[in-house]
Amino acid sequence: MAYADIYAASLNDPEGFWMEQAGKIDWLTPPTRALNGEKAPFYSWFADGRLNACWNAVDRHVEAGRGKQIAIKHVSPITHSTKGITYAELQARVASLAGALRAKGVQKGDRVIIYMPMIPEALEAMLACARLGAIHSVVFGGFAAHELAVRINDCTPKAIIAASCGLEPGRVVHYKPLLDKAIEEATHKPEFCVVFQREQEVAKLIEGRDVAWHTFQYGVEPAECVPVEGDHPAYILYTSGTTGQPKGVVRATGGHLVALNWTMKAIYDIDAGDVFWAASDVGWVVGHSYICYGPLIAGATTIVYEGKPVGTPDAGAFWRVMQNQRVKSFFTAPTALRAIKREDPEGKLIAEYNLRSLKTVYLAGERADPDTILWAQRHLNVPVIDHWWQTESGWAIAANPMGIEPLPVKLGSPSVPMPGYDIRVLDEGGHQMAPGELGAIAIKLPLPPGTLPTLWNAAERFVKSYLTHFPGYYETGDAGYIDEDGYVYIMARTDDVINVAGHRLSTGAMEEVLASHRDVAECAVIGVSDALKGQSPMGFLCLNKGTNREPAEVVKECVALMRDKIGPVADFKRACVVERLPKTRSGKILRGTMVKIADGQEFKTPATIDDPAILDEIRVALKTLGYPAA
Numbered sequence: 001m002a003y004a005d006i007y008a009a010s011l012n013d014p015e016g017f018w019m020e021q022a023g024k025i026d027w028l029t030p031p032t033r034a035l036n037g038e039k040a041p042f043y044s045w046f047a048d049g050r051l052n053a054c055w056n057a058v059d060r061h062v063e064a065g066r067g068k069q070i071a072i073k074h075v076s077p078i079t080h081s082t083k084g085i086t087y088a089e090l091q092a093r094v095a096s097l098a099g100a101l102r103a104k105g106v107q108k109g110d111r112v113i114i115y116m117p118m119i120p121e122a123l124e125a126m127l128a129c130a131r132l133g134a135i136h137s138v139v140f141g142g143f144a145a146h147e148l149a150v151r152i153n154d155c156t157p158k159a160i161i162a163a164s165c166g167l168e169p170g171r172v173v174h175y176k177p178l179l180d181k182a183i184e185e186a187t188h189k190p191e192f193c194v195v196f197q198r199e200q201e202v203a204k205l206i207e208g209r210d211v212a213w214h215t216f217q218y219g220v221e222p223a224e225c226v227p228v229e230g231d232h233p234a235y236i237l238y239t240s241g242t243t244g245q246p247k248g249v250v251r252a253t254g255g256h257l258v259a260l261n262w263t264m265k266a267i268y269d270i271d272a273g274d275v276f277w278a279a280s281d282v283g284w285v286v287g288h289s290y291i292c293y294g295p296l297i298a299g300a301t302t303i304v305y306e307g308k309p310v311g312t313p314d315a316g317a318f319w320r321v322m323q324n325q326r327v328k329s330f331f332t333a334p335t336a337l338r339a340i341k342r343e344d345p346e347g348k349l350i351a352e353y354n355l356r357s358l359k360t361v362y363l364a365g366e367r368a369d370p371d372t373i374l375w376a377q378r379h380l381n382v383p384v385i386d387h388w389w390q391t392e393s394g395w396a397i398a399a400n401p402m403g404i405e406p407l408p409v410k411l412g413s414p415s416v417p418m419p420g421y422d423i424r425v426l427d428e429g430g431h432q433m434a435p436g437e438l439g440a441i442a443i444k445l446p447l448p449p450g451t452l453p454t455l456w457n458a459a460e461r462f463v464k465s466y467l468t469h470f471p472g473y474y475e476t477g478d479a480g481y482i483d484e485d486g487y488v489y490i491m492a493r494t495d496d497v498i499n500v501a502g503h504r505l506s507t508g509a510m511e512e513v514l515a516s517h518r519d520v521a522e523c524a525v526i527g528v529s530d531a532l533k534g535q536s537p538m539g540f541l542c543l544n545k546g547t548n549r550e551p552a553e554v555v556k557e558c559v560a561l562m563r564d565k566i567g568p569v570a571d572f573k574r575a576c577v578v579e580r581l582p583k584t585r586s587g588k589i590l591r592g593t594m595v596k597i598a599d600g601q602e603f604k605t606p607a608t609i610d611d612p613a614i615l616d617e618i619r620v621a622l623k624t625l626g627y628p629a630a
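First residue of the sequence shown: 1, per the UniProt record's numbering; consecutive thereafter.
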């Protein structure tokens, strides 16, 4: 079938379409129906079926006689090591870890936080939880202790699985002190912690609470797969940048597996035995969907890469992995390609490697700028495909279905809607806009399988955040348009979330941190254009009257505070002290206008501004920080 027929079938007969897809994974008890809308807008998929995610990702491939195939290939240019784990070995390792967790009382429905770097053991921990029906919540390794504490309090884990450290070029990131500090700060205390001791750093264990990874598993009985309902939560994933009330996206098991299984062939053109590489991290949604579950469900080999696009050791790092591991489909963020392009603008390093196995490059995480796509196309000589999705969706909302029918690439567009996503562009009143007109992008309910059914312990917030503004629709928070050919264009966020190197971060959360400084009376954070990272946060601080502190000293402390509360992922390095912030008469800070000044864009002074002279003060402050465009 052609793309248009498949997409039409998913909207016209969603029950039939998704039941057919459900038949392509293993169920202990097959579902009798796909969609349950009795509790709308809290829809569920395949609720009366019973299955296990670990079985579908691991055991069934061993049962099919493919146990000797490599399931996970760990590549670490930092430790100069490469290691392969077969499906049979993965099954034994996961069953052992699951058995040890079970022996300590972890069972179906319990939560387990995973705080690990890019090592195979991170995937093993995820799969061991899934094997028991426990709900895992992966927190990006090295995230600030406060952020980890917030997540501990929200999902109340019975256990935490961590590594002693993570590795960055030239330095060791000490995970265990962060873990200890987070548990100390958290009001909820896990019953025990399992620590994988890396040879680069052996962490001190706290007696009675901590146990080493290998000791923990010694002498235990391996665990079998525990069947769970189709709508049982597989995991909770917190959206990044939250310092206040956390936003835990829930992923239901059945829809998650059905949707990912469909995408591996239809979008990424991956079959069993192929090598797939998503250059992301297990702490992000890409790591969940396309480092761990997706490739393994498809019976492919997944690459777990502990390194950077540049500096480990050079800008040829990605191409070296592709050559040596014979990668067929590659998935990364535009930021990574921009970093490589900056180091190797002529693509000379690419020419040094044999990339005959590479068929397609996929980009996501932020809008892919045309220059980066054209550069990659020119030097790699393969299709470079932008696609658009969110932590909430779990898989592509709009993409180019390369495994079904490769469509013409339109620069600036992630192509067309995927099955089940009835995408509309709406004005503020919720009326559908004509092709080419910019508006809020929304998706008509119900959302397809694999998307979030709710937020963890926050059903009211789920409705308020996503379903209230446009009744009957899921509000994506993105603005854009759809052209005459049905191609989707994502142009900007409609809220206060900025995109730093593919990581969505809330400026409101950053402002909350800055405002906690004793000398800061008021503040604003905006995202300014950054040639490498897409956007970079910029802070404006109004100090308390009467303070005699040097502005530079306050700025330095605020930068350190941001690193401590949110972590280095925020990339918060620049702030300036100003007398006042530009506001409307009603008191709303004009962040959009400030962004345009910083980026050197033309703008019209808002009619509602309280004092237009403030904009000149902002321009002067930006120039002192090296923004010549201002």
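Backbone N, C-alpha and C define an ideal beta-carbon position, used for all residues, glycine too.
Between which two residues does the beta strand (DSSP E) holding Val310 run? Neither: Val310 is in no beta strand (DSSP E) and is coded neither H nor E.
Close-in-space but distant-in-sequence residues of the same chain around Phe470 (CB under 8 angstroms, 5 per side omitted): Leu426, Gly430, Ala440, Ala442
Applying the criterion that 16 or more other CB atoms from any shown protein chain within 10 Å of the CB defines a buried residue, is Gln535 buried or exposed? buried
Counting beta carbon pairs with one atom in the segment 529-545 and one in the segment 499-514, are three or more of them shorter than 8 angstroms? yes
Whole angstroms are fine: how far does the CA of Ala317 sit from the CA of Ile423? 38 angstroms
Can you check whether the C-beta of Leu374 is within less than 7 angstroms of a C-beta belonging to chain D? Considering every chain present, this structure includes no chain D. It has just one protein chain.
Nearest-angstrom beta carbon gap, Tyr489 and Ser413 [assumed within contact, 8 angstroms]: 5 angstroms
Is the CB-CB distance between Gly255 and Gly450 below 7 angstroms? yes
Would you call the CB atoms of Ala163 and Arg198 closer than 7 angstroms? yes
Starting from Phe192 and walking both ways along the beta strand (DSSP E), at which residues does that stretch end? 192-196
Stretch-stretch touch, CB-based, cutoff 8 angstroms, three pairs: the segment 470-489 with the segment 264-283: Short answer: they don't touch.
Alpha carbon to alpha carbon, how far is Ala336 from Glu366? Give it in angstroms, no decimals. 11 angstroms
Alpha-carbon spacing of Gly166 relative to Ala182, whole angstroms: Spanning the two alpha carbons is a distance of roughly 17 angstroms.
Classify Met322 as helix, strand or coil using the three-state DSSP reduction. In this structure, Met322 counts as helix in the three-state DSSP scheme.
Measure the alpha-carbon distance for Gly508 versus Ala524 and round it to whole angstroms. Their backbone Cα atoms lie some 8 angstroms apart in a straight line.
Assigned exposure category for Leu374 - 16 Cβ within 10 Å defines buried: Leu374 comes out exposed.
Kindly indicate which residue of Met538, Cys54, Pro31, Asp485 has the alpha-carbon position closest to the one of Ala47. Comparing alpha carbon positions, the residue from Met538, Cys54, Pro31, Asp485 closest to Ala47 is Pro31.
Would you kindly report the start and end of the unbroken beta strand (DSSP E) that includes Ala64? Unbroken run through Ala64: none, as it is neither H nor E.
Quick test of your reading: Pro334 and Thr360, contact by CB under 8 angstroms. State the CB separation rounded to the nearest angstrom. With a Cβ gap of about 15 angstroms, Pro334 and Thr360 do not count as contacting.
Measuring only the C-alpha atoms, how far is Glu392 from Leu505? When the Cα atoms are used, Glu392 and Leu505 turn out to be separated by approximately 14 angstroms.
For Val409, name the three-state secondary structure that DSSP assigns. coil
Exposed or buried, which one is residue 633 when buried takes at least 16 other CB atoms within 10 Å? Not covered by the structure: residue 633. The range shown for the chain is 1 to 630.
C-alpha gap between Gln217 and Leu411, whole angstroms: Approximately 51 angstroms, taken between the alpha carbons.
Drop a sphere of 10 angstroms on the beta-carbon of Gln601, count the other beta-carbons inside from all chains shown, and report buried for 16 or more, exposed for fewer. exposed
Contacting residues, own chain, Cβ-Cβ under 8 angstroms from Leu455 (five flanking each side not counted): Lys247, Gly248, Val249, Val250, Arg461, Phe462, Ser465
Tell me which same chain residues have a C-beta within less than 6 angstroms of the C-beta of Ile160, skipping the five on either side of it? Residues of the same chain with a CB within less than 6 angstroms of the CB of Ile160, apart from the 5 flanking positions on each side, are Ile113, Pro190, Cys193 in chain order.
Could you tell me the alpha carbon to alpha carbon distance between Asp571 and Lys556, rounded to whole angstroms? 14 angstroms
Less than 7 angstroms separating the beta-carbons of Lys565 and Val513? Against a cut-off of 7 angstroms, the Cβ pair of Val513 and Lys565 comes out as a contact.
Go ahead and label Gly294 buried or exposed: buried means 16 or more other beta carbons lie within 10 angstroms of its beta carbon, across all protein chains shown. A residue is called buried when at least 16 other Cβ atoms come within 10 angstroms of its Cβ; Gly294 meets this threshold and is buried.
Leaving out five residues before and five after Ala8 in sequence, what residues of the same chain have Cβ atoms less than 8 angstroms from its Cβ? none
Out of Asp344, Gly347, Ala351, Val409, which one is the CA nearest neighbour of Pro370? Val409
Spatial neighbours of Val226 in its chain, beta-carbon cut-off 6 angstroms, leaving aside the 5 residues before and after: Excluding five sequence positions before and after Val226, the CB atoms of its chain that fall closer than 6 angstroms to its own CB belong to Lys108, Leu132, Gly133, given in chain order.
In three-state DSSP terms, what is Phe17? helix
Nearest-angstrom beta carbon gap, Trp319 and Ile297 [assumed within contact, 8 angstroms]: At roughly 28 angstroms, the Cβ-Cβ gap does not stay under 8 angstroms, so Ile297 and Trp319 are not in contact.
With DSSP run on the structure shown, which of helix, strand or coil describes Pro120? Helix, per DSSP.
Bridge-paired residues (DSSP) for Val173: Gly166
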